[in-house]
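Engineer:
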Amino acid sequence: MVRLDAKSGGFPVLVLMGAVLAFVCSAEEKVTGISLYPEGHLGWASSLAGGGIKGEVWVSDKGVLDAGELLRQVEIEGGIRVIHSLAEESDSQRLNVIAKLDVLICSDAAWLGLTDSERLAVHERVGKGMGLVLIDLEESKVFDVEKVRWEVVDLPQVLEAEYSMPLREGVRNEVGSWETYGAESGRIAVFQGHFQPDMQKLVPYDFAEEIEPSLLYEYHLASLIRAILWVSQRKSQLSITGIERARPNVPDAREIPPQLTPEFTQYMLDQRMKTVTQVITVQFDRPAQRNYDVFIRVRQPLRASSWSYEAGGVRKGKTEKTLHVLVGKGESWIDLWIMRGTDVVDWHSYRVAMDEWPNLSDVQFSKWLVQRSDSVEVTFSVGRNSRRPAPTYAFFVVSDSFGRVLTESRVVIYKEGGDVKANVSWTDALTLDMKLEVYLSDVRVERLTSGSRKYSSYASTALIVEQPLKPGLQWIVKGSTENEAWRLSVNKSLSVLGADSIDVVDSLSEGQGGVDANLSSVSHLDILSRRSDAGDLIREPCLTSLEFRQDLYAAFKNWTGWARSRGIRYADLSANPSISSDLGVYCDSVTCRRYLQSRLQSYYPNLELLNTNWNTRFSSWQDVRTPFTVLDFSPVSVDMQRIRNETDIGAYKEARDQMLDHRSTLKTGISLAHGGTISNLSEWIPEFDLLSIPPDQLLMEKVRSYRRMDASTGVRLPEKNSNASRRLLWNSLYHGMTAVWTGGVGEDGQVSEDTILLGEAIYPLRQGIDVLLQSAEPVPASVAIYENSASLYVSSLEERSEITNVQTLIVRTLEGLGLGYDFVSYSKLMETGLSGYGVLILPHVRALSAEEDALIGQFIVDGGTLITDGIAGEVDEHGAARQTSSKAIEAALQISFSEEGDGRDGLDAAIRDAEVPRLYPELTNAGKSTGSFEWFRYRYGKAELVGILAGEGALGRTPSMRFPEGRAVYDVLEGKQLKTSKAGASLNEAGAGLICVLPYRVSRIVADVPEIVQSGHRLHYSMQIKTFDALPGDHWVHVKLLDEAGRSIRYYESTIDCAGGVGEGYIPLALNEKPGQYTLVIRDVMTGVMTSKRIEIV
7 MVRLDAKSGG FPVLVLMGAV LAFVCSAEEK VTGISLYPEG HLGWASSLAG GGIKGEVWVS
67 DKGVLDAGEL LRQVEIEGGI RVIHSLAEES DSQRLNVIAK LDVLICSDAA WLGLTDSERL
127 AVHERVGKGM GLVLIDLEES KVFDVEKVRW EVVDLPQVLE AEYSMPLREG VRNEVGSWET
187 YGAESGRIAV FQGHFQPDMQ KLVPYDFAEE IEPSLLYEYH LASLIRAILW VSQRKSQLSI
247 TGIERARPNV PDAREIPPQL TPEFTQYMLD QRMKTVTQVI TVQFDRPAQR NYDVFIRVRQ
307 PLRASSWSYE AGGVRKGKTE KTLHVLVGKG ESWIDLWIMR GTDVVDWHSY RVAMDEWPNL
367 SDVQFSKWLV QRSDSVEVTF SVGRNSRRPA PTYAFFVVSD SFGRVLTESR VVIYKEGGDV
427 KANVSWTDAL TLDMKLEVYL SDVRVERLTS GSRKYSSYAS TALIVEQPLK PGLQWIVKGS
487 TENEAWRLSV NKSLSVLGAD SIDVVDSLSE GQGGVDANLS SVSHLDILSR RSDAGDLIRE
547 PCLTSLEFRQ DLYAAFKNWT GWARSRGIRY ADLSANPSIS SDLGVYCDSV TCRRYLQSRL
607 QSYYPNLELL NTNWNTRFSS WQDVRTPFTV LDFSPVSVDM QRIRNETDIG AYKEARDQML
667 DHRSTLKTGI SLAHGGTISN LSEWIPEFDL LSIPPDQLLM EKVRSYRRMD ASTGVRLPEK
727 NSNASRRLLW NSLYHGMTAV WTGGVGEDGQ VSEDTILLGE AIYPLRQGID VLLQSAEPVP
787 ASVAIYENSA SLYVSSLEER SEITNVQTLI VRTLEGLGLG YDFVSYSKLM ETGLSGYGVL
847 ILPHVRALSA EEDALIGQFI VDGGTLITDG IAGEVDEHGA ARQTSSKAIE AALQISFSEE
907 GDGRDGLDAA IRDAEVPRLY PELTNAGKST GSFEWFRYRY GKAELVGILA GEGALGRTPS
967 MRFPEGRAVY DVLEGKQLKT SKAGASLNEA GAGLICVLPY RVSRIVADVP EIVQSGHRLH
1027 YSMQIKTFDA LPGDHWVHVK LLDEAGRSIR YYESTIDCAG GVGEGYIPLA LNEKPGQYTL
1087 VIRDVMTGVM TSKRIEIV
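So this is what it looks like as structure tokens:
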């Protein structure tokens, strides 16, 4: 909570941030002020200095300080004015502001952005008493030139590296250090960072791997605030000068009589009073001039436990305060505040470790990579309990990243102690990562409580769950960089939003990332990277060599084990540089020469034809090699491009197969750049089982036509949320894409607002519509668009661009006419022919082999219609002039598609003559153009689905449609039945509509659900869809569990297959599920018919 009010008595502060200035002016300038201490100042983040702001928020990726967040944590009264560009203020205005400042905080980048006159003005102000704080996180040494102007002064105790830092024993604060200087009346504090992380933060991600980074941030941010207070020369009301801790409750060794045996001595030590509190004395720099309050927070960082309480007060006139601090067992961080009302007067932090019987030692976990339902063996040792005759318990808790407790078990620890072995099992893990915790209680309690957790010896391990892919649309978000603190907290936030995976765009290597990832990852590996040899010569690896295969094997063998431990499900092989270099120079090694000869022998029936095409005189196949001179688009060039492409495909397949040998569930592929970096997509797309593409309609259609059935293919949506993004979401799903890539993590390491909004747009799709469309079979297309690689090899770059343009125009024309179509490649033509198609279009297919010509000719003989754009069959597959003209091409109908709208009428007439069916049903309002909509037709069991996607400016409702009598028509998105004779579906905000046509009516859903279920058990349910007129076919139903507030618990949502209208499932309730009244909602996806049942969880 921030209260806006202007106050007097403050001092001006300027935070200089590269291209941003934030001015804090005195109150008489009548600038709105900020109250610095919001309610709830004991929040977990920057609470040390009195704020409630996360530390990460106000240190950005460039080391820039956010003045608004900074000043909420410092006792400064005044106003804030933000200027978004240095250019908005004149030189004189900026100098005038500097002349009024009392404190300036400046990063190294911002200092370099100052003019010479501005820097001189800063030095003059420092000499007159202005405080200056300089921040260098990159070891840039920018401030070394300035330091010679100042005199080094002794470093204040409060700025020493370990001051008020609860560091673990043996760990030093090597994040950075302060240097302090004086200049006449002014003070200067310079922070010199010792690391260079990608995102400039005060604490590197791996500073203390086992501790949540957010716990460390505030201590380093507090150090910055202390520097601000020191340079401002502000007189503190009361300062903590030290904390004296009472001696531990253990006798000195000199106090133990030497005649006692070690066993008896240990017996006596075990019987001493257990430590519950620690006595400390807080010392102050002066007698307290008024009464103050004392607040304490205790945190156990290794087990994410904390508690806060008011610890009494400091009486006026006192110079010290004795406190009994309630500490937990193991490691605790103690934060202590001296408060005046809601204002923080001073604070101090320290670490304490309390280790008393019983203690865990030699803890071992049998594995960390587990299945959804699995077990882990835990072994450990416990020392003998010589004091207490009664045994105690060790508790085992398995929880996931949603905070669900999957299992809680215990074993008895007898007074003899010794080695302990336990088997911890669970069922139905829902997240990619889990935590297994061990609590060894010091008293015999029947169950774990918050209190017994604090006073237990503790150990834990992270578990990675090999989760199968969920059915439906996969949501993959774009991450930032590795080794950054955002991975833990942000991945969890994205997981809660519904994201499945995170695509980290930088290449991953062993040791990066974190096991507590919450999301599976897309890893990037460049298998065809160029290697630099002597001089400027750049050579690519010989892809046909044994060394290449051996290098791949060694690399993947080391990588895949680590990848499993990080939950990596996808591998982007990032082979674009080699794939796109069609005209690269072919190496002349023995291996490559043999490969060249073998490929050419498969292309040519005899050596004589090769010599004719190449204009060579090779006497045997063993003599064949690449000519020194290769003319563009000659048969040599065409054949070499074909070989190069097959070589690259072979290298990719080698990499894919080797990765699958190491890990069979890994999906491999690439990310295509906008416009595509692979020209011959028809040969490459079938090889990928992972493919990310830009939002290009033509590219999407080729992926749909050529992809493998089990491939994960998806469109990368624009970074900014808009109606275009929402429409692309539906468009990609209608066109058979199984995933979407979106933005996710911004440069500041936070989940962007656009991502949150897009997640809400994805959510309705994932309530069964995605699964329905992905399981439905598209109505077979009647039109085929043919393309082959040979036509690309004989074309220049400009001609290739023209091929793309013509194909795009044909696609738009077909969609506007409501026609279904497929792209057909050379390999598909050779394998299955053209059966099932009524029309074949050849756009700019300049090269045709005799085999292709024969199959196309047979298509015409069988009654098919052939259409060309006038450029077809000019050369053969080698780029050589054809010896005889093509009879099929001569019989084709020629239609020009050079510009938008060209060929529409001619194509429409040809389609009508061929009696090719349209995708849209019979329309009743013919005045509404079908060309304003894109149509999709599917079959699922007995159901027929009609998808509609409106073009620009066509939002509202679909055209009115008429279906045969006896059919039941449903608006899937609205969940209501429509009139059969006049069915018009509503369109959502993305312009999408979906209609389901059934040969029966759905009357209701009968569900069998228990009235009472115990937490930690499975909530089993079954359902049966009841119908009129005919027996039900296959359906999908979406199941939700609503809490007492009526909110869906999203991680329990599922879509259930009801074969023949009957289905069943269960929800794995957590042990810590909140007792109360819940509601199970079951909804038929196609019709919207639903039922609900009340359930009591006890």
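For the sequence shown, our numbering assigns the number 7 to the initial residue and increments by one for each residue that follows. Positions of the beta carbon are idealized from the N, C-alpha and C atoms, including for glycine.
Do three or more CB pairs link the segment 311–329 to the segment 292–300 at distances below 8 Å?
Structural biologist: These segments touch.
Engineer: Over the uninterrupted beta strand (DSSP E) stretch that includes Phe-197, give me the two end residues.
Structural biologist: Element bounds for Phe-197: 192–199.
Engineer: Mind pulling the beta strand (DSSP E) runs of 3 or more residues that sit fully within the segment 111–175?
Structural biologist: If we require 3 residues or more, the beta strand (DSSP E) runs fully inside the segment 111–175 come out as 137–142.
Engineer: Just mark Ala-915 as buried or exposed, buried being the case when its beta carbon has 16 or more other beta carbons within 10 Å.
Structural biologist: Ala-915 comes out exposed.
Engineer: Helix or strand or just coil, what does DSSP make of Ser-795?
Structural biologist: Three-state result, Ser-795: helix.
Engineer: Can you have a look at Leu-1112 and say buried or exposed, based on whether 16 or more other CB atoms are within 10 angstroms of its CB?
Structural biologist: Given that the chain is displayed from residue 7 to residue 1104, the structure contains no residue 1112 and the question cannot be resolved.
Engineer: Going by Cα to Cα distance, which pick from Gly-1071, Asp-425 and Thr-328 is closest to Lys-1046?
Structural biologist: For the residues Gly-1071, Asp-425 and Thr-328, the minimum Cα distance to Lys-1046 belongs to Gly-1071.
Engineer: Starting from the Cα of Tyr-559, find the closest Cα among Pro-633, Val-471 and Leu-666 and give me that residue.
Structural biologist: Looking at the Cα atoms, Leu-666 is the closest of the given residues.
Engineer: Taking the straight line between their C-alpha atoms, what separation do you get for Glu-804 and Val-851?
Structural biologist: About 15 Å.
Engineer: Starting from Arg-599 and walking both ways along the alpha helix (DSSP H), at which residues does that stretch end?
Structural biologist: Unbroken alpha helix (DSSP H) run through Arg-599: 596–609.
Engineer: Looking only at its own chain, which residues have a Cβ that is under 6 Å from the Cβ of Arg-1089, when we skip the five neighbours before and after it?
Structural biologist: So the qualifying residues of the chain are His-1044 and Met-1096.
Engineer: In terms of alpha-carbon separation, which member of Asp-160, His-129, Met-136 and Gln-163 lies closest to Val-154?
Structural biologist: When each option's Cα is compared against that of Val-154, the closest is His-129.
Engineer: Going by CA-CA distance only, name the one from Ser-788, Pro-927 and Val-418 that's closest to Phe-402.
Structural biologist: Checked all of Ser-788, Pro-927 and Val-418; the closest Cα to Phe-402 is Val-418.
Engineer: Just reading off the alpha helix (DSSP H) that Tyr-658 is part of, what are its end residues?
Structural biologist: Where Tyr-658 is concerned, the enclosing alpha helix (DSSP H) stretches over 641–668.
Engineer: Exposed or buried, which one is Lys-147 when buried takes at least 16 other CB atoms within 10 Å?
Structural biologist: So Lys-147 counts as exposed.
Engineer: Within its chain, find whatever has a CB closer than 8 Å to the CB of Ile-249; leave out the 5 residues flanking it on each side and keep chain order.
Structural biologist: The residues are Ile-286, Thr-287, Val-288, Gln-289, Leu-342, His-354 and Tyr-356.
Engineer: Mark Glu-1050 as exposed unless 16 or more other C-beta atoms lie within 10 angstroms of its C-beta, in which case mark it buried.
Structural biologist: By the neighbour-count rule (16 or more Cβ atoms within 10 Å), Glu-1050 is not buried but exposed.
Engineer: Would Tyr-818 pass as a contact of Gln-703 if the rule is Cβ separation under 9 Å?
Structural biologist: Checking the sequence, you will find Arg at residue 818 rather than Tyr. It is a contact, given that the beta carbons lie within the stated cut-off.
Engineer: How should Arg-131 be labelled, buried or exposed, when 16 other C-beta atoms within 10 angstroms of its C-beta is the threshold for buried?
Structural biologist: Arg-131 should be labelled buried.
Engineer: Does the segment 790–800 come close enough to the segment 996–1011 that 3 or more CB-CB pairs lie under 8 Å?
Structural biologist: They do not touch, by the three-pair rule.
Engineer: Quick check on DSSP: helix, strand or coil for Cys-181?
Structural biologist: Per the sequence shown, the amino acid found at residue 181 is Val instead of Cys. Coil, per DSSP.
Engineer: According to DSSP, what are the bridge partners of Cys-1002?
Structural biologist: BP columns for Cys-1002 point to Leu-951 and Tyr-976.
Engineer: If you compare alpha carbons, which of Gly-1022, Ser-685 and Arg-1056 is closest to Ser-415?
Structural biologist: Comparing Cα-Cα distances from Ser-415 to each of Gly-1022, Ser-685 and Arg-1056, the minimum goes to Gly-1022.
Engineer: Measuring CB atoms only, is the segment 461–472 touching the segment 442–449, in the sense that at least three cross pairs come out at less than 8 Å?
Structural biologist: As far as the Cβ criterion goes, the segment 461–472 touches the segment 442–449, which means the pair count is three or higher.
Engineer: Terminal residues of the continuous alpha helix (DSSP H) containing Pro-770?
Structural biologist: Where Pro-770 is concerned, the enclosing alpha helix (DSSP H) stretches over 759–771.
Engineer: Measuring alpha carbon to alpha carbon, tell me which residue in Gly-1069, Val-164 and Gln-983 is nearest Thr-1093.
Structural biologist: Nearest option by C-alpha distance: Gln-983.
Engineer: Let me confirm a value: Pro-633 is counted as buried when at least 16 other C-beta atoms fall within 10 Å, else exposed. Which label applies?
Structural biologist: It counts as exposed.
Engineer: So, using beta-carbon positions, are Arg-973 and Val-952 closer together than 9 Å?
Structural biologist: For Arg-973 and Val-952, no; Cβs fall outside 9 Å.
Engineer: When we look at the beta-carbon of Lys-36 and count the other beta-carbons within 10 Å, is it buried (16 or more) or exposed?
Structural biologist: For Lys-36, the predicted model reports a pLDDT of 24, less than 50, meaning its position is unreliable and no value from the coordinates is stated.
Engineer: Which residues in the same chain have their Cβ closer than 7 Å to the Cβ of Glu-433, if we skip the five residues on either side of it in sequence?
Structural biologist: The question names Glu, yet the displayed sequence has Thr at residue 433. These residues qualify, in order along the chain: Ser-379 and Pro-1074.
Engineer: From Lys-373 to Val-709, what distance separates their C-alpha atoms?
Structural biologist: Distance between the alpha carbons of Lys-373 and Val-709: 40 Å.
Engineer: Is it buried or exposed for Val-867, if we count other Cβ within 10 angstroms and need 16 for buried?
Structural biologist: So Val-867 counts as exposed.
Engineer: So for Glu-837, helix, strand or coil by DSSP?
Structural biologist: Residue state, collapsed to three classes: helix.
Engineer: According to DSSP, is Phe-408 helix, strand or coil?
Structural biologist: Three-state DSSP puts Phe-408 in coil, outside helix and strand.
Engineer: Since Pro-1074 sits in a beta bridge, which residues does DSSP pair it with?
Structural biologist: According to DSSP, which records beta bridges pairwise, Pro-1074 is partnered with Arg-1024.
Engineer: Between Thr-674 and Gly-409, what straight-line distance do the alpha-carbon atoms span, to the nearest angstrom?
Structural biologist: Computed Cα separation, rounded: 32 Å.
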